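Comments concern the structure below.
Number of protein chains: 2
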Amino acid sequence: MKKQDKKPVKELESFGQKLVTDIEKGKNPTIEFSLRSLSNVVYDTKTKTLGLGEKQQQRAFFNVGHAKKFLQTLEIAKISKNLLDVGKHASLRDVFYMAKRTLPSSNINIVDDQVESDKSLEDLELITDCSREQLNINANKMGSVAGNVVIEDSGDSINWAKLGSGGWSIPSNVEDVEFKSVKAKYVIYMEKQAVWERLHEDKFWEKQNCIIVTSQGQTTRGIRRLLQRLNDEYDLPIYVLADFDPWGFYIYSVLKFGSINLAHMSGTMTLQNARFLGVTADDALNYDLKKHFIKFKDVDMTRLKQIADYEWFQKNKDWQRQFKLMKDFGAKLEIQALSSKGITFISEKYLPEKIKKQEFLD
Amino acid sequence: MKKQDKKPVKELESFGQKLVTDIEKGKNPTIEFSLRSLSNVVYDTKTKTLGLGEKQQQRAFFNVGHAKKFLQTLEIAKISKNLLDVGKHASLRDVFYMAKRTLPSSNINIVDDQVESDKSLEDLELITDCSREQLNINANKMGSVAGNVVIEDSGDSINWAKLGSGGWSIPSNVEDVEFKSVKAKYVIYMEKQAVWERLHEDKFWEKQNCIIVTSQGQTTRGIRRLLQRLNDEYDLPIYVLADFDPWGFYIYSVLKFGSINLAHMSGTMTLQNARFLGVTADDALNYDLKKHFIKFKDVDMTRLKQIADYEWFQKNKDWQRQFKLMKDFGAKLEIQALSSKGITFISEKYLPEKIKKQEFLD
Numbered sequence: 001m002k003k004q005d006k007k008p009v010k011e012l013e014s015f016g017q018k019l020v021t022d023i024e025k026g027k028n029p030t031i032e033f034s035l036r037s038l039s040n041v042v043y044d045t046k047t048k049t050l051g052l053g054e055k056q057q058q059r060a061f062f063n064v065g066h067a068k069k070f071l072q073t074l075e076i077a078k079i080s081k082n083l084l085d086v087g088k089h090a091s092l093r094d095v096f097y098m099a100k101r102t103l104p105s106s107n108i109n110i111v112d113d114q115v116e117s118d119k120s121l122e123d124l125e126l127i128t129d130c131s132r133e134q135l136n137i138n139a140n141k142m143g144s145v146a147g148n149v150v151i152e153d154s155g156d157s158i159n160w161a162k163l164g165s166g167g168w169s170i171p172s173n174v175e176d177v178e179f180k181s182v183k184a185k186y187v188i189y190m191e192k193q194a195v196w197e198r199l200h201e202d203k204f205w206e207k208q209n210c211i212i213v214t215s216q217g218q219t220t221r222g223i224r225r226l227l228q229r230l231n232d233e234y235d236l237p238i239y240v241l242a243d244f245d246p247w248g249f250y251i252y253s254v255l256k257f258g259s260i261n262l263a264h265m266s267g268t269m270t271l272q273n274a275r276f277l278g279v280t281a282d283d284a285l286n287y288d289l290k291k292h293f294i295k296f297k298d299v300d301m302t303r304l305k306q307i308a309d310y311e312w313f314q315k316n317k318d319w320q321r322q323f324k325l326m327k328d329f330g331a332k333l334e335i336q337a338l339s340s341k342g343i344t345f346i347s348e349k350y351l352p353e354k355i356k357k358q359e360f361l362d
Numbered sequence: 001m002k003k004q005d006k007k008p009v010k011e012l013e014s015f016g017q018k019l020v021t022d023i024e025k026g027k028n029p030t031i032e033f034s035l036r037s038l039s040n041v042v043y044d045t046k047t048k049t050l051g052l053g054e055k056q057q058q059r060a061f062f063n064v065g066h067a068k069k070f071l072q073t074l075e076i077a078k079i080s081k082n083l084l085d086v087g088k089h090a091s092l093r094d095v096f097y098m099a100k101r102t103l104p105s106s107n108i109n110i111v112d113d114q115v116e117s118d119k120s121l122e123d124l125e126l127i128t129d130c131s132r133e134q135l136n137i138n139a140n141k142m143g144s145v146a147g148n149v150v151i152e153d154s155g156d157s158i159n160w161a162k163l164g165s166g167g168w169s170i171p172s173n174v175e176d177v178e179f180k181s182v183k184a185k186y187v188i189y190m191e192k193q194a195v196w197e198r199l200h201e202d203k204f205w206e207k208q209n210c211i212i213v214t215s216q217g218q219t220t221r222g223i224r225r226l227l228q229r230l231n232d233e234y235d236l237p238i239y240v241l242a243d244f245d246p247w248g249f250y251i252y253s254v255l256k257f258g259s260i261n262l263a264h265m266s267g268t269m270t271l272q273n274a275r276f277l278g279v280t281a282d283d284a285l286n287y288d289l290k291k292h293f294i295k296f297k298d299v300d301m302t303r304l305k306q307i308a309d310y311e312w313f314q315k316n317k318d319w320q321r322q323f324k325l326m327k328d329f330g331a332k333l334e335i336q337a338l339s340s341k342g343i344t345f346i347s348e349k350y351l352p353e354k355i356k357k358q359e360f361l362d
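Protein chains in written order, with this note's numbering: chain V, 1 to 362; chain U, 1 to 362.
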């Protein structure tokens with residue numbers, strides 16, 4: 001068994017053992033764990049992340065309202081244990097199909113919908129204090145990375161600096177990745193793959209001694225963990241490069257402060273040291289980019305107001321100033337508007353200047 | 001200048017030279033190329049692809065209705081020529097911002113919307129007989145690949161067999177990729193990244209001596225070209241693995257026969273030898289998967305009817321049989337339903353059996 005699989009296996013076994021003990025003692029088998037509902041999601045001003053409060057919930061076998069969920073939780077625990085035993089990983093969808101069976105002499109399925117197996121897995125993350133990745137269940141695979149880093153993964157030694165124009169394709173699960181050598185001063189994370197290709201072609205990571213990461217869409221858990229590990233284990237600052245729009249701000253917000261969905265995993269899924277590198281309202285003014293503004297639609301204004309009201313942004317003057325300027329502009333601005341200044345403007349002037357002057361939002 | 005850039009540069013220069021000659025002769029500068037409209041999209045029963053017919057269109061400078069588009073086409077040609085000259089690539093969005101300027105002493109922008117620069121670029125593909133990738137303008141980057149293949153790209157030698165759990169991240173543009181060694185009997189292309197991770201973890205490509213490719217979403221042009229090059233240059237069959245649903249069939253249809261949007265590029269963007277590996281109606285019956293059927297919604301039935309009516313499927317008895325069975329089931333089936341048979345069922349039994357028996361749809 002792999003070293004890193006020992007903890008989840010032990011946790012799953014002691015979870016099972018606890019229920020066996022309940023049965024042997026003639027007690028009602030009961031699972032207890034933190035309540036995962038909006039009423040128990042709290043913003044921790046010390047760690048500056050969204051996490052779960054102190055409310056607990058119980059799930060008992062001999063309880064008509066709990067019995068099915070109890071069974072589902074055990075079924076997912078069984079599937080996870082089997083995966084760990086054979087050293088295989090499964091996707092959320094796989095797990096759903098593996099759990100979906102009709103109970104003998106009944107017309108009741110263990111799960112009818114993936115939402116049920118997903119929820120049980122989230123419960124299991126709380127029960128075992130292991131992420132779904134540690135339980136060998138993977139989320140989505142997305143994204144690419146390049147930089148002066150050598151890793152070992154699945155028996156291969158991989159140099160992120162020697163992977164041509166494509167880069168390394170980030171797996172859904174990076175728990176087993178071993179860093180062998182990390183030569184970089186910081187990490188830039190960007191959602192847009194086109195910006196990543198721009199920086200990669202310009203050898204930005206080589207010239208600036210950094211690592212560039214793109215998600216090609218929403219930030220997957222694999223990418224979140226990769227960024228967090230680089231930050232934790234190598235103390236690398238994480239800079240977020242996104243559009244100047246409410247959605248860009250939201251990407252940053254979730255990455256740094258967490259989200260309601262991830263509240264039960266805030267310890268391993270948030271990046272408390274992340275900083276917002278751009279694009280900002282000041283960039284629009286300093287680099288004469290107002291002519292590339294894209295007018296707000298109603299939905300943008302609504303979204304902006306929601307984000308400006310987030311607890312962690314409310315008392316932050318710098319962010320409130322950005323929100324106010326955006327509201328006054330009534331417009332957003334894309335990173336790619338920088339291309340109007342020349343194709344390599346972003347990698348030769350914009351980013352080096354901002355990073356040198358440490359012009360970040362926190 | 002790179003060897004492969006010579007053709008596009010020559011084509012762009014002769015395009016410009018033609019217009020200069022028009023001017024010197026006192027003629028109205030005029031561009032002529034195939035008409036790109038639905039009325040000129042035809043299904044070629046010989047090549048079995050959707051392509052453009054013989055209708056031509058003209059675009060003249062001294063024509064109030066043409067002048068702006070004429071200017072836009074020249075602007076995009078200029079941007080492409082500049083990119084080729086400095087050996088850089090840009091995304092479609094970059095090109096839009098590079099073209100977006102206000103004409104002096106006017107309030108007219110060269111382009112106001114990306115649709116305009118995109119359309120001009122498609123025209124330029126026809127005018128120069130070069131793909132946008134050859135013109136150094138990239139579409140989206142997506143997807144991963146693994147297999148016994150060594151390539152050279154941007155000065156790096158990359159072994160697709162030695163990239164851990166992630167694989168090589170496929171760039172948006174694979175025109176400059178050089179194949180150094182290709183040891184494989186076939187290629188499996190799948191949309192779903194989770195299925196790719198399944199096959200990769202099970203070392204399917206190693207055991208079966210093949211290449212596995214996933215797009216993690218829609219099939220990008222980069223992936224299309226990668227598959228086409230592996231098929232053209234190494235005679236590798238391409239097998240498509242998709243869900244048993246109208247959308248899965250559509251993915252296959254576009255890959256093999258082309259689409260209206262790609263009609264002007266059918267030569268380099270279609271895979272006439274692609275075959276559909278699964279999931280089929282027969283799989284649902286043979287492997288006892290009917291219990292995992294997902295009931296059709298109205299939109300599924302509508303989509304199925306549209307696809308069944310495609311000219312290239314109309315006279316294909318095997319496909320019509322699939323469409324009929326799907327209609328009778330009134331349901332679709334996901335690849336991942338195979339996981340209900342065990343996590344490695346797909347890689348140890350389903351795929352090896354189907355490929356051995358050559359159970360494909362054409």
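Glycine is no exception: its CB is placed at the ideal position from the N, C-alpha and C atoms. Remember, it's a predicted structure, so these values are computed and weren't measured experimentally.
Same chain, Cβ closer than 8 Å to residue i, five either side skipped, listed in chain order
i	result
V/Ser169	Lys141, Gly143, Ser144
V/Lys7	Cys130, Gln134
V/Val41	Leu50, Gly51, Leu52, Gly53, Ile260, Ala263
Sub-9 Å separation of residue i and residue j beta-carbons
i	j	result
U/Ile307	U/Ser253	yes
U/Val150	U/Leu84	no
V/Tyr189	V/Leu126	no
U/Asn138	V/Ala194	yes
V/Asn273	V/Ile238	yes
U/Gly330	U/Lys291	no
U/Phe61	U/Asn109	no
V/Lys354	V/Phe244	no
V/Gln4	V/Glu152	no
U/Asp298	U/Leu289	no
Coarse secondary structure for residue i, derived from DSSP in three states
i	result
U/Arg221	helix
U/Val279	coil
V/Phe204	helix
U/Ser340	helix
U/Ile387	In the structure as shown, chain U begins at 1 and stops at 362. Residue 387 of chain U is therefore absent and cannot be evaluated.
U/Lys3	helix
U/Thr270	coil
U/Leu236	coil
V/Tyr252	helix
V/Phe323	helix
V/Lys349	helix
U/Leu289	coil
Top-ranked residue by Cα proximity to residue i, from the options
i	options	result
V/Glu206	V/Ile137, V/Lys68, V/Gln322, V/Gly164	V/Gly164
V/Ile158	V/Ile137, V/Ser181, V/Thr220	V/Ser181
V/Gly278	V/Gln193, V/Glu359, V/Tyr310	V/Glu359
U/Arg198	V/Glu178, V/Lys349, V/Ser340, V/Arg93	V/Arg93
V/Met301	V/Trp247, V/Ser105, V/Gln228, V/Asn136	V/Trp247
V/Pro352	V/Tyr186, V/His66, V/Ala263	V/Tyr186
V/Gln218	V/Ser172, V/Asp232, V/His200	V/Ser172
U/Gln72	U/Arg225, U/Gln322, U/Val95, U/Ala263	U/Val95
U/Leu121	U/Asn231, U/Lys46, U/Ser91	U/Ser91
U/Asn136	U/Leu227, U/Gln336, U/Ile79, U/Tyr350	U/Ile79
Close beta carbons around residue i, own chain, < 6 Å, minus the five adjacent residues each side
i	result
U/Gln58	Thr30, Glu32
V/Gly258	Thr49, Leu50, Ser266, Thr270
U/Glu234	A small correction: the amino acid at residue 234 of chain U is Tyr; Glu does not occupy that position in the sequence shown. So the list reads Val182, once near-sequence residues are dropped.
V/Glu75	Ala99, Ile110
V/Thr214	Gly143, Ser144, Met190, Gln193, Trp196
Own chain partners of residue i with C-beta closer than 7 Å, once the 5 adjacent residues on each side are dropped
i	result
V/Lys317	none
U/Gly147	Trp160, Ala161, Ala184, Trp205, Cys210, Ile211, Ile212
V/Phe276	Val240, Tyr252, Phe360, Leu361
Completely contained alpha helix (DSSP H) runs for the stretch 6-59 of chain U, where each covers 4 or more residues: 6-24
Sequence ranges, alpha helix (DSSP H) only - wholly within the stretch 111-165 of chain V, length at least 4: Segments of the alpha helix (DSSP H) lying fully in the stretch 111-165 of chain V: 114-128.
In chain order, each beta strand (DSSP E) run of at least 3 residues that lies wholly inside the stretch 53-113 of chain U: 56-60
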